[in-house]
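In terms of the numbering used here, the sequence shown opens at residue 666 and continues consecutively. From the three backbone atoms N, C-alpha and C, an ideal C-beta is built for every residue, glycine too. Bear in mind the structure is a predicted one, so any value in this text is a computation, not a measurement. A quick write-up on the structure given underneath.
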Amino acid sequence: MTESKPRRSGGRAARQEARSQRNEAVAPYLERRLKPVEVIDEAGLVQIEENAEIILSEIGIAFQDFPSALDLWRDAGAEIDGDIVRFPKGLCRKIITDFAPASYIQQARSIDKSVMIGGNATVFAPNYGSPFVTDLDSGRRYATLQDFQNVVKLTYQLPHLHHSGGTVVEPVDIPVNKRHLDMVYTHLRYSDKPLMGSVTAPIRAQDSVELCRIAFGGSLDDRTVLTSLINASSPLRWDATMLGAATVYAQNNQACIMSPFILAGAMSPVTVAGLAAQALAEALSGMAYCQLVRKGAPVVFGTFASSMSMATGAPTFGTPEGAMATYVMAALARRLGVPFRSGGQLTSSKTPDAQAAYESAATLLPTMQAGVNFVLHAAGWLEGGLSLSYEKLIMDADQLGMMGVYASGVDMSENGQAMSALRTNPHGQHFLGNSHTLQNFEHAFYRSTIADNNSFEQWRDEGSPDAAQRANSIWKQMLKDYEAPKIDDAIDEEMLEYIAVRKDSEPDEIG
């Protein structure tokens, strides 16, 4: 039997051109048309809200080692006992509903890449915070500034990642007290998508603001260009580092994701309802604090909620309990009237294998169905967040493209109803030659950049690559093809001068 020869796709230039043409039509963020899935009724949500108010009023939240926060809460009518703040019932909610915006625009350096955060919008941002990177060629290793730059360059080119992110990996080859300068500069120089600032010290948050003032050409007082992650030290505590960074950003009208970080069973009760009440109380206190610093400062109700192995203590991802927590917390955020952050493509797997795919899908679908507005860790996450995988970054970004189609819902336009095709197509004859098919075939279905749909023989003749191997070739080619977005030379020089002065102002800290 003669085997057919593999068909060729037309070469690298043709693939690049096809990819660039597809990218042109990608919106700067998703506008969801699907209604959020609800997993709990009105009475259940009210009960969780009441439980959160009991936590706030009777148990309290610690605002640790930050006297100015205690002073603001005292002036607002809260009871202060050491560093524990107890809030009159309804106080935090009223402050938020009176002043916090329901949505906001985060302006990008290229204005057409600005994103809306809140409402029916979903914004995908890449991995955050991993000290390690891994790829098929070099294996697992500590991340460097070069890795950081690579991830920013790849994210810039991936159309379904709407946001450049923040600490996409931790560049451990740069002193700990100075690496934030290189990270923020990398986002501003090698991408023109929205970005996140540093939160590891108030001065580093201020540096992030100052670099953005330079890059965006003036005052930021009337615009938001940073959305940054402020994690609670769950259970029931905000520490001075996070409060200091949140204060800087709120004072400067920059957005804070006030996000409890919870492994259920360790940092919260094991049940979804108990976790939700605690996370709601923590988030309410954090978002309200930002309004005390500056009325109208943009805030995002954040939550990172995962289950854990009760046998080993290791975090677990893609579980039904994690999905239910996302659904419940998203509903609570909608009732409060603020944007919501959660979800992503999370896995405990150490390699981009079937476990990684299953767990990531089991996190991503609830993220979309719950109506999450800001999705951190949307691509690249591996090993419970300890590593970013170059290959998984590419594979995950492909899935995000599919979510864009999913979020759009069913096309009920005249073209979508396709009655012209049904009226003109003969009984029993396929639709391949129908004029409606010919008019729509190029964009009728999402075309994966990773999946192999060819014959077994063609796949075998091309080396039998699996998905990770195909992704490996793609990210390498993308880095070869990368071209930096334009930036004014004077702005670039001013940023570099600012960084040089700041680095010279203090000795290196190794840690």
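Residue i to residue j, Cα distance in whole Å?
i, j, result
"Glu-1212", "Gly-830", "Since the displayed the chain opens at 666 and closes at 1176, residue 1212 lies outside it and no answer follows."
"Val-1177", "Ser-1025", "The requested residue 1177 does not occur in the structure, where the chain is confined to residues 666 to 1176."
"Asp-847", "Val-816", "14 Å"
"Pro-701", "Ala-1035", "5 Å"
"Arg-687", "Thr-762", "Residue confidence for Arg-687 is low, a pLDDT of 42 falling below 50, so the modelled location carries little weight; the figure read from the coordinates is stated next. Those two C-alpha atoms are separated by around 41 Å."
"Val-695", "Ala-786", "Residue identity differs from the one stated: residue 695 is Leu in this sequence, not Val. In a straight line, the C-alpha of Leu-695 is about 5 Å away from that of Ala-786."
"Phe-1121", "Arg-1135", "16 Å"
"Met-952", "Leu-801", "42 Å"
"Leu-1087", "Ala-1072", "26 Å"
"Gly-862", "Met-1068", "27 Å"
"Arg-999", "Arg-751", "25 Å"
"Asn-1184", "Asp-1126", "Lying outside 666 to 1176, the shown extent of the chain, residue 1184 is not represented and no answer is given."
"Gln-814", "Thr-851", "6 Å"
"Gly-709", "Pro-1091", "54 Å"
"Gly-1098", "Ala-790", "41 Å"
"Gly-1066", "Glu-1107", "16 Å"
"Ala-743", "Phe-966", "21 Å"
"Gly-1074", "Gly-978", "39 Å"
"Glu-1159", "Ala-1132", "43 Å"
"Lys-960", "Ile-760", "9 Å"
Given a cut-off of 8 Å on the beta-carbon distance, is the pair residue i and residue j in contact?
i, j, result
"Tyr-1055", "Val-798", "yes"
"Ile-895", "Ile-922", "yes"
"Phe-1039", "Val-788", "yes"
"Ser-893", "Gln-871", "no"
"His-924", "Ala-897", "With the sequence shown as reference, residue 924 is identified as Ser, and His is not the correct amino acid for it. Contact: yes."
"Lys-1141", "Lys-843", "no"
"Leu-1206", "Leu-957", "Not covered by the structure: residue 1206. The range shown for the chain is 666 to 1176."
"Leu-901", "Ala-1109", "no"
"Ile-713", "Leu-997", "yes"
"Val-1070", "Ala-765", "no"
"Ser-1113", "Asp-1063", "yes"
"His-845", "Val-780", "no"
"Thr-991", "Thr-1032", "yes"
"Gln-811", "Met-1143", "no"
"Asn-1177", "Leu-940", "The requested residue 1177 does not occur in the structure, where the chain is confined to residues 666 to 1176."
"Ala-988", "Ala-942", "no"
"Ala-1022", "Asn-792", "no"
"Val-1003", "Ile-705", "no"
"Val-935", "Pro-867", "no"
"Ser-1078", "His-1101", "no"
Since I believe residue j is in contact with residue i (beta carbons under 8 Å), could you give me their beta-carbon distance rounded to a whole number of angstroms?
i, j, result
"Ile-720", "Ala-946", "4 Å"
"Leu-1041", "Leu-1047", "With a Cβ gap of about 15 Å, Leu-1041 and Leu-1047 do not count as contacting."
"Ser-795", "Val-837", "Rounded, the Cβ-Cβ distance is 11 Å, inconsistent with contact."
"Arg-888", "Gln-772", "5 Å"
"Leu-819", "Leu-853", "No, Leu-819 and Leu-853 are not in contact; Cβ-Cβ is about 17 Å, not under 8 Å."
"Cys-955", "Ala-948", "The Cβ separation is near 11 Å, so there is no contact."
"Ser-1017", "Met-1060", "Note that residue 1017 is Pro in the sequence shown here, rather than Ser. Going by Cβ atoms, the distance from Pro-1017 to Met-1060 rounds to 6 Å, so yes, they are a contact pair."
"Ser-775", "Pro-753", "In fact, because the Cβ distance is near 45 Å, the residues do not count as touching under 8 Å."
"Gly-783", "Ser-803", "Their Cβ separation, rounded to whole angstroms, is 40 Å, which puts Gly-783 and Ser-803 out of contact at 8 Å."
"Phe-881", "Val-890", "6 Å"
Is residue i near the ligand PLP, in the sense that its beta carbon is under 7 Å from a heavy atom of that ligand?
i, result
"Ala-941", "Looking for the ligand PLP in the displayed structure turns up nothing, as the structure carries no ligands at all."
What are the complete alpha helix (DSSP H) segments, minimum 4 residues, inside the segment 977-1020? Segments of the alpha helix (DSSP H) lying fully in the segment 977-1020: 985-1001.
So, do the segment 998-1012 and the segment 957-971 have three or more beta carbon pairs nearer to each other than 8 Å? yes
What are the start and end residues of each continuous alpha helix (DSSP H) run of 4 or more residues lying completely inside the segment 1069-1135, in chain order? 1079-1082, 1084-1089, 1100-1105 and 1121-1126
With a threshold of 8 Å, are at least 3 pairs of Cβ atoms found where one atom belongs to the segment 902-920 and the other to the segment 720-735? yes
Only counting runs of 3 or more residues, tell me where the beta strand (DSSP E) segments fall wholly within the segment 708-770, in order along the chain. 726-728, 744-746 and 749-751
Considering only residues of the segment 899-954, which uninterrupted beta strand (DSSP E) runs meet the minimum length of 3 residues and lie entirely inside it, listed in chain order? 920-924 and 926-928
Contiguous beta strand (DSSP E) assignments of at least 3 residues, all confined to the segment 770-839: 780-783, 786-789, 797-800 and 804-807
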